[in-house]
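With the numbering used here as the guide, the letters of the sequence shown map in order to residues 1 to 179.
From the three backbone atoms N, C-alpha and C, an ideal C-beta is built for every residue, glycine too.
Worksheet: one structure, shown below.
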Amino acid sequence: MWSGWRTEARLSSKIRRYPGNEVELKELNEGKYLVEHYETILRYSWTSGVAVSRFLEGLKEGELWGRKCNKCGRTLIPPRAYCEEDFVPTDEWVRVRDTGTVNTFSISYVNNDASRRKKPIIVSVIDIDGASPGMGILHLLGGIEPGKVEVGMKVEAVWKPKLQRKGAITDIRYFRPRR
Ligand SMILES: [Zn+2]
């Protein structure tokens, strides 16, 4: 009876053993098999799309831009090329302010690699002034003690200096309580 497999469990009444032979580490180390190492080199490129590309360009200039849907009248930020309520293309660009209201927030002691932080970061969804209610961006809060943050708090963007901006959401360092 074949006994190369570790388990004695039966596969079925007709198939009583796994096909092929198990390769064991010992056999690999002994050079019983030809081993080929191959490292793939993967390169990716992608587009942000028409709406978000324009939004990112605006960030370089220290501006926030949304898209307006004339059917429902909403101004969407981050901007999208179509309205998910009406299933129609959005109509025009609208400059919104770089101020807003804390919609929700979380005090995080965890980095994005799951390691622990001693000093927390405050992650928040900020409803942007000039956009429709509930339209907001996810960003950091700063210049405030975590225990003092409240939903409904008015905040403003703290931008990086113009020469350091790259057309990324991190061109805004964080939002701080409005002065
Ligand atoms: Zn709409």
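Could you spell out where the alpha helix (DSSP H) holding residue i opens and where it closes?
| i | result |
| --- | --- |
| E27 | L25 to N29 |
| K60 | V50 to K60 |
How is the beta strand (DSSP E) around residue i delimited, first residue to last?
| i | result |
| --- | --- |
| K119 | R116 to I128 |
| V110 | T99 to V110 |
| E92 | E92 to V96 |
Answer with buried or exposed for residue i, where buried requires no fewer than 16 other C-beta atoms within 10 angstroms of its C-beta.
| i | result |
| --- | --- |
| R67 | buried |
| H139 | buried |
| R179 | exposed |
| L64 | buried |
| R74 | buried |
| S124 | buried |
Excluding the 5 residues preceding and the 5 following residue i in the sequence, name in chain order all residues of the same chain whose CB lies nearer than 7 angstroms to its CB.
| i | result |
| --- | --- |
| T90 | R67, K68, C69, L76, R80, A81, Y82 and C83 |
Can you tell me which of the options puts its alpha carbon nearest to the alpha carbon of residue i?
| i | options | result |
| --- | --- | --- |
| T101 | I107, D129 and V88 | D129 |
| D127 | E92, V88, K14 and V151 | V151 |
| N111 | I121, G143 and K60 | I121 |
| K119 | N103, G147 and G134 | G147 |
| G167 | R117, S48, N29 and L28 | S48 |
Once the 5 residues before and after residue i are set aside, which same chain residues still bring their CB inside 8 angstroms of it?
| i | result |
| --- | --- |
| M1 | Confidence at M1 is low in this model, with a pLDDT of 47, below 50, so its placement is unreliable and the value that follows should be read with caution. Closer than 8 angstroms at the Cβ level, and outside the excluded window around M1, lies no residue. |
| L11 | R17 and Y18 |
| R176 | L141, G142, G143, I144, V155, E156 and V158 |
| T99 | I128, D129, K154, V155, E156, A157 and R178 |
| I172 | L59, D98, H139, A157, V158, W159 and K160 |
| E57 | G167 |
What I want to know is whether the C-beta of residue i ends up closer than 6 angstroms to one or more non-hydrogen atoms of ligand 2.
| i | result |
| --- | --- |
| D91 | Here the bound small molecules are ligand 1; ligand 2 is not part of this structure. |
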